[in-house]
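In our numbering, each number is its position in the sequence shown, counted from 1, plus 122. Even glycine gets a Cβ: it sits at the ideal position worked out from N, Cα and C. Given the structure is predicted, the values throughout are model-derived calculations rather than measurements. Report on the following structure.
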Amino acid sequence: MPCILCGSKSVLPLGFSKPTVMPGNRRFMRCPDCDLIFVPESFHLSPENEKARYRLHNNTLSNEGYVRMFLEKIALIQEHCPVIKSVLDYGCGPEPVLAQLLRRERFECDVYDPFFFPELPEGSYDLVISTEVFEHFRDIKAELCRIHSLLNPGGFLAVMTSLHDAVRDFGDWWYVSDPTHICFFGIRTFEWIAQEFGFGIVYADRKNFVILQAELDTANKPDISETNFEL
């Protein structure tokens with residue numbers, strides 16, 4: 123089975139440090155080239171069951187912890203993404219809380235979600251932000267191509283997804299217990315994405331948040347080897 127991101131044919135089943143039985147007996151594959159861990163398609167939920175699980179989330183403005191998490195991410199956007207005006211919340215869910223908070227900060231914000239807001243807005247953006255969405259992607263390369271096409275030259279892509287780098291025992295990681303989580307990224311995965319799609323990594327907290335910037339033109343491609351990661 124080739125890697126669903128980079129196409130490498132060196133992918134191997136992920137081993138665990140102790141006997142582990144995953145819900146639904148899910149299997150996990152790891153790519154040694156881009157460091158993506160993914161669940162084979164045969165273990166994916168149906169779109170109907172996936173959508174039903176999303177409706178169970180308490181992702182509303184009344185959820186103080188949820189709002190606080192978004193406000194922290196907005197502060198990082200304001201710090202690392204200067205002169206941002208237009209934003210697309212990519213994968214906003216049934217209640218686009220992040221978009222509402224961004225509008226309060228006077229950003230122009232559109233929303234897109236394949237289940238709940240399936241009509242993709244026309245135009246391009248200074249920032250595409252995707253929070254707790256990348257781990258659900260069935261076709262990562264197609265999604266990345268679409269996102270890249272939505273960015274203005276020099277625009278930013280902000281991704282919130284828990285990174286597997288610091289996980290000691292993948293089998294005990296809470297993030298893998300959600301059956302809608304089918305892709306797991308590390309910093310090296312985002313370095314591959316940056317190189318392949320013409321991004322520079324401008325911020326990474328090594329926990330769950332990465333900001334990438336699209337190149338201004340083909341002659342000014344960012345060098346990801348010079349990225350300074352925050353520890």
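DSSP places Asp235 in the strand class (E or B) of the three-state scheme. C-alpha of Asn185 to C-alpha of Pro275: approximately 35 Å in a straight line. Using a Cβ distance threshold of 8 Å, Tyr325 and His202 count as a contacting pair. Between the stretch 208-216 and the stretch 226-234 there are three or more C-beta pairs closer than 8 Å, enough to call the two in contact.
Per DSSP, reduced to three states, the secondary structure at Ala288 is coil, with no helix or strand assignment. Distance from the CA atom of Asp248 to the CA atom of Glu163, rounded to whole angstroms, is 33 Å. In the DSSP assignment, Phe307 falls outside any beta strand (DSSP E), carrying neither H nor E. The beta-carbon distance between Arg152 and Thr302, rounded to whole angstroms, is 20 Å. This is too long to meet the 8 Å contact definition. Residue burial annotation: Ser132 is exposed, with fewer than 16 other C-beta atoms found within 10 angstroms of its C-beta. Counting the other CB atoms within 10 Å of its CB gives Gly129 a total below 16, which places it among the exposed residues.
When Thr253, Arg328, Ile333 and Phe256 are compared, the shortest CA-CA separation from His286 is found for Arg328.
Under the DSSP definition of a beta bridge, Gly322 partners with Gln335.
Under the three-state reduction of DSSP, Gly276 is assigned to strand. For Asp294, the secondary structure class from DSSP, reduced to helix, strand or coil, is helix. In terms of Cα proximity to Leu167, the closest of Glu194, Arg177, Glu313 and Asp300 is Asp300. In terms of Cβ geometry, Gly277 and Ala336 form a close pair [threshold 8 Å].
Under the DSSP definition of a beta bridge, Tyr212 partners with Tyr234. For Ile251, no alpha helix (DSSP H) segment is defined; the enclosing uninterrupted segment is the beta strand (DSSP E) at Tyr247 to Thr253. Per DSSP, Pro162 lies in no alpha helix (DSSP H) segment and is marked neither H nor E.
The beta carbons of Val332 and Val281 sit about 5 Å from each other, so the pair counts as a contact at 8 Å. With a beta-carbon spacing of about 19 Å, His258 and Phe319 fall beyond the 8 Å limit used to define contacts. Here the alpha carbons of Phe321 and Lys195 stand approximately 20 Å from one another. The beta carbon of Ile206 is closer than 6 Å to those of Asp248 and Leu249 in its chain, skipping five residues each way along the sequence. Take Phe256, set aside five residues on each side of it, and the residues of its chain with a beta-carbon closer than 7 Å to its own are Val281, Thr283, Cys305 and Phe307, in chain order.
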